[in-house]
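Counting in UniProt numbering, the sequence shown runs from 1 upward without gaps. Here a beta-carbon is modelled for each residue, glycine too, at the ideal position from N, C-alpha and C. Bear in mind the structure is a predicted one, so any value in this text is a computation, not a measurement. Everything below concerns the one structure shown next.
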Amino acid sequence: MDPAFIQSLESTLRDITAPATVKQASSRLQSEFLPNPQSLPGLIHILQNASDANIRQLAGIEARKQVAKFWTEDNALPEDIKSQIRSSLLQSTVQESHPLPRHTSSRVISAIAQLDVDEGRWDDLLPQLFNSAENGNSVEREVAVYILYTLLEAGINVLLDSKLVPTLHLFARTINDPENPQVRVSTVLGLGSVSEIIESASVPGNASADQNPVEIFRALIPGMVEVLKQVISADDDKGISQVFEVFNGLLLCDPALISKHLGDLLQFMLTHIASERNLSDECRIPALQFIMTAIRFKKNKIQALKMGPVLTKSFLEIAAEGENEEEDEEDEETPAQMALRAIDYLSSGLPPSQVMSPLFEALPNYVNSEKPGHRRAAFLALTAAVEGSPDFVANNINVVLPTVVNGLDDRDIAVKSAALQALAELASELHEVVSDEHEVLLPLVFNIMDGASTLKIGKNACLALDAILEGIDRKVIADKYLSSLAPKLLQLLNSTNDASLKSSIVAAISSASFSAGAAYLPYFQSTIEAVEPFVRVGTANPDSLSVDELSLCGITFDALSALAGAVGKEVFRPYVEPLMGYAYKSLQSNHNRLKECGFLFVGAVARVYGAEFTPFLQTIVPEIFKCLDQDEFDGLLDNEDDTQDMIGQDDEDEDLLNKYKINGALATEKEIATEALGEIIVATKKDFEPFLETATRHLISLVDHFYDGIAKASLVALWRSVTAFYRDGTNPEQWQPGFPATYKVSLPAEKLIEMSRTASLELLSNVDERSVATTLCDSLADAIKVCGPVILGSKEDLESLCGELLLILGKNHPSQTMDEDDYEYDGKQDAEEDSGENSEYDEVLTDSAMDVIVQIAAAMGAGFEGVLTAFSPVISKYCTSSSATERASGVGAFAEIINGMRENVTPFTEDLMAVLLRGLNDKDLEVRSNSAYGIGLLCLYSNNTQFVQSNYITILQKLQRLLKKVEKKRKSFGNNGDNEDDTNDRGLANACGCVSRMALRFPELIPMGEVLPVLLSRLPLQDGFEENTPVFELIIDLFQKGNETIVAHTEQVIQIAAQVFTQQAEKEAEKSSKFGSSAQIVMPLETEDIKNKVIELLKYLESQQPGSVSSHQVLAKAMSA
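So this is what it looks like as structure tokens:
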């Protein structure tokens, strides 16, 4: 080596460590030295000989990079130079006295070994390392084990194959190194790398325990736990981080490695670390992260171990530590915040019996505690748990809501704030249940807003108000609250200068206008004048705004979307052009949150204005495409530019900095942009065709996106586009059942259907995210309902779809099994017998799959018989499940299948009747309700006449419970909910529909004198309006036949009709008042056909007794229409 070259290179490196010369020296290093192959041996020489440890470390970092560039390049380095480097590096590394350059030098050895060992060019390295790891001095052992770890991490084949078992045996000794803690930590790191490549399925069944890598690894886990204890005791922050990272990685590796130890590991992490208040957050937070990862990926194992209750109660205790936390200072994670997030994970992943039941058992002691931190934790835990188990909370609302109401009056501000958060979450997840109590809740929230002593209280009160308003009936808001609510909110908005509070108030205004619909019109002008400046100023110079001001601008766009939908396009029209201009500016900004809300606004404008949005396509659509083309990964750091930052850092830290980073804010922005794209396609249809190919390509590329929000948004947008183009083209409004489809669709619709089907079936076969699978099933069901069998494609497509649906119903789909350890690698069952319990999220997926099957039945008609034969056994299992939700889902699916197949269901009559009759005796009201619906349809359509008739008496007897006249009592403040009466509106509707269909089919088997008065007493229906069709068809039929009983009740029938047409008018007003709303409103008279038939009946009754009908204004109007 040229001494002058080495001296100049070392001088340049020294200049890089000095701030004054770093830029010039870095440039010189890049241009003059690094392109030269001799820089590699030069850097290694400096690594081995320089007097300054920082220079040695920097030389090592650069040498490692150069290895990949020059080591294997032909003629770049003479073989004797390489040989000299190999022979000297290990010795110089052991002799290095400083830890950081020693680790860097080890990494250089690893970099060379990655290129040489598997090629047989450094055969003596592994024997040297194995010998040094056991027989050398402390530093030799440290270096040897660390290099072995880096080689395992790099995937050296020799180590992973023939040397794997010897390496594990070596680690079994080095993990107990008597004097060097770094040897023990490096051993754990090496075991982490080994865990990533062990596959239990590839282990020979006859392998002895000492030759079985799975068994050897399992035996090492207790030693790994001891190392974790040691680094915690030594306050070794880096070691703590490294060992925890390995334990987290084990949760994602072959289940056989950790399954037997998982319960003990969770108990250790929970009891000895996470719950130990004397430990630092640097220890407790990783322990909580380990438990949360386990909940995510090992939930079935945790459920089988019945650890849900102890985890839930422990997390609640940890959450109570957050008494003194500033709620607005949430940048730094604390154990209390992590514990609340863990409760969220538990409630979503485990059955309510293991999470919600123990939580609800513990809540009374917490809410009644003298300690404010305990009371606060109770409400925050409830807030975290509601989303994952809304049905359980709804069934216990009579206990939950009074508890939260009491919390609103708590003397401690932090507790009151937490109670408001709980109320907001309850109202958000349980719209109707909570909003029914508006007369109690809204005055309380108003009082808190009026007397709010802190911004946090004011903001959370607005959040609660926002959520409650969204669930209240439009008429109730308009009649009882709007006249005082709208001025109050506008006054509050004008009285504060705090941007974050303004955001909360604007959000409440948004909900008020959305819920009130056209009734908000009197307050529109003052509202838009108050909020418009927030977007005008915000988009003019967004870079000058604070985070809170940007958030206010974004939320205002959201509120403007609601206003447009509320007051309608004509009233809003003067503001569209300028507001779209502001939105366009927001889309061109560099702020994700602002762009996200801009996309929300343009999507809403498209929804309200439909085809009138077309003039904006040329400017808005390219911005959406530009957004969707962005990458959520920031990319790699420029190592050379950041060399100065690396001085004094371990070379491992450099590796971490080089890893890709996900931009979560951009992912959310792309999700909203995707939703907006779907809205625009649906709104503009044919006008969108110039962009359709590019849009479809984007959407299909995103359906398997790693971020589930984007994947779900793209699926919804894709299939909504399909139904929009189907409805807009020359396609049959009423398709005919049959498979394959015999009708033609327009070319754009045909292309969209084909591409969407292909992408969806491919996704469904491998998607491992439960919520994405659910969205996919929902989208398919909706598309089949609208477009019919053309969605199903070919026989092969149908078989593929049905195969995936069978997997979902059998709970064997990738989205259901990715986190299961059902079986050990040796064939023994890993978990206890399945308890039959599921999380509520799990049941949502199977229910969505049932919906797809139902729509396939309707689309195929007679052709579904073979498919039903395949599905019937698995659906029948649902009908006898221990889960009431699953029983209701299974019975409901059979009922809808009957409705789809109609007379083609005849061969299955006896089996279906048995299932449905059993369901009428079920203890669960929804199961009984669905059974009644199904039995009515079976009686109406089946041609197995004799069998159906033989069951009429039995059916009528069982229906009495559903039809029994009782006063309606709700589970709320006035009722403890102990006695469940059959007063569910849907159940009553289905029972009425059942009796009506039975009477229509075989009127001679129905004792009309007894049944008809009971039926009429249950009218008008308050839910399940589609059952009005068979009910009125029966009434009309009886009048046509001159039935004495119905004639005697003519006045009652007229009264019922008046109430139904009043309901009809209210629903029509609601529909017209919510411009652009995507929510479907079911009309009391669901089709024009039944509506016209009822009007004809009313005209007949009026002719028989003039004035009897026309005296009712609503009926007179209907007859004259």
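{"Query": "Sequence-distant residues of the same chain with beta carbon closer than 6 Å to asparagine 979, five excluded per side", "Result": "With a pLDDT of 38 at asparagine 979, under the threshold of 50, the modelled position of this residue cannot be trusted; read the value that follows with caution. Hits under 6 Å: none found."}
{"Query": "Sub-9 Å separation of valine 608 and phenylalanine 572 beta-carbons", "Result": "yes"}
{"Query": "Span separating the alpha-carbon of alanine 257 from that of serine 162", "Result": "Inspection of the sequence shows that residue 257 is occupied by leucine rather than by alanine. Distance between the alpha carbons of leucine 257 and serine 162 is about 20 Å."}
{"Query": "From Val576, Ser513, Asp466, Ile457, residue whose alpha carbon lies closest to that of leucine 482", "Result": "Ser513"}
{"Query": "Chain C contact for lysine 163 (CB, 9 Å cutoff)", "Result": "Of the protein chains in the structure, only one exists, and it is not chain C."}
{"Query": "Test item: CB-CB of tyrosine 707 and alanine 759 under 9 Å", "Result": "no"}
{"Query": "DSSP three-state assignment for tryptophan 719, whether helix, strand or coil", "Result": "helix"}
{"Query": "With 16 other Cβ atoms within 10 Å as the buried cut-off, status of glutamine 7", "Result": "exposed"}
{"Query": "7 Å Cβ shell around glutamate 96 - same chain, five flanking residues per side excluded", "Result": "Arg102, Ser105"}
{"Query": "Secondary structure of threonine 705, DSSP reduced to three states", "Result": "According to the sequence shown, residue 705 is histidine rather than threonine. Coil."}
{"Query": "Residue environment, phenylalanine 947, which counts as buried when at least 16 other CB atoms sit within 10 Å", "Result": "exposed"}
{"Query": "Meets three-Cβ-pair contact criterion under 8 Å: the segment 741-757 and the segment 785-792", "Result": "yes"}
{"Query": "Status (buried if at least 16 other CB within 10 Å, exposed otherwise) for proline 1020", "Result": "buried"}
{"Query": "Sufficient close CB pairs (3 or more, under 8 Å) joining the segment 663-682 to the segment 714-731", "Result": "yes"}
{"Query": "Start and end residues, alpha helix (DSSP H) containing aspartate 466", "Result": "455-471"}
{"Query": "Cβ-Cβ separation, glycine 892 to asparagine 930 (assumed contact under 8 Å), whole Å", "Result": "4 Å"}
{"Query": "Sequence-distant residues of its chain with Cβ nearer than 7 Å to cysteine 994 (five each side left out)", "Result": "Ala932, Tyr933, Ile935, Gly936, Leu959"}
{"Query": "Leucine 1016 beta carbon less than 9 Å from that of residue 1207", "Result": "Residue coverage of the chain in this structure runs from 1 to 1121, which leaves residue 1207 outside it and unanswerable."}
{"Query": "First through last residue of the alpha helix (DSSP H) which encompasses isoleucine 216", "Result": "213-233"}
{"Query": "Candidates Thr846, Thr885, Ser882, Ile221, of which the one nearest phenylalanine 871 by Cα", "Result": "Thr846"}
{"Query": "Separation of phenylalanine 599 from glutamine 30, as counted between CA atoms", "Result": "44 Å"}
{"Query": "Element boundaries [alpha helix (DSSP H), containing lysine 785]", "Result": "770-787"}
{"Query": "Residue 1165 versus asparagine 497 - alpha carbon distance", "Result": "Here the chain has residues from 1 to 1121 only, and residue 1165 is not among them."}
{"Query": "Where the alpha helix (DSSP H) containing glutamate 179 begins and where it ends", "Result": "Counting along the chain, glutamate 179 falls outside any alpha helix (DSSP H), and DSSP gives it neither H nor E."}
{"Query": "Cα-Cα separation, alanine 234 to aspartate 118", "Result": "38 Å"}
{"Query": "For histidine 45, three-class secondary structure by DSSP", "Result": "helix"}
{"Query": "C-beta contact flag for serine 186 and aspartate 254 at 9 Å", "Result": "no"}
{"Query": "Reference aspartate 436, options Gly407, Arg474, Asn406, closest by Cα", "Result": "Arg474"}
{"Query": "Terminal residues of the alpha helix (DSSP H) in which isoleucine 413 lies", "Result": "413-429"}
{"Query": "Distance CB(leucine 1000)-CB(isoleucine 955) smaller than 9 Å", "Result": "no"}
{"Query": "Given 8 Å, three or more beta-carbon pairs between the segment 762-777 and the segment 801-821", "Result": "yes"}
{"Query": "Cβ-based neighbour list, residue 1130, same chain, cut-off 7 Å, excluding 5 preceding and 5 following", "Result": "The requested residue 1130 is not part of the displayed model; the chain covers only 1 to 1121."}
{"Query": "Candidates Glu612, Ala611, Val867, of which the one nearest isoleucine 897 by Cα", "Result": "Val867"}
{"Query": "Residue environment, glycine 635, which counts as buried when at least 16 other CB atoms sit within 10 Å", "Result": "Below a pLDDT of 50, predicted positions are generally treated as unreliable, and glycine 635, at 43, falls in that range; no measurement from the model is reported."}
{"Query": "Beta-carbon gap between leucine 401 and valine 434 smaller than 9 Å", "Result": "yes"}
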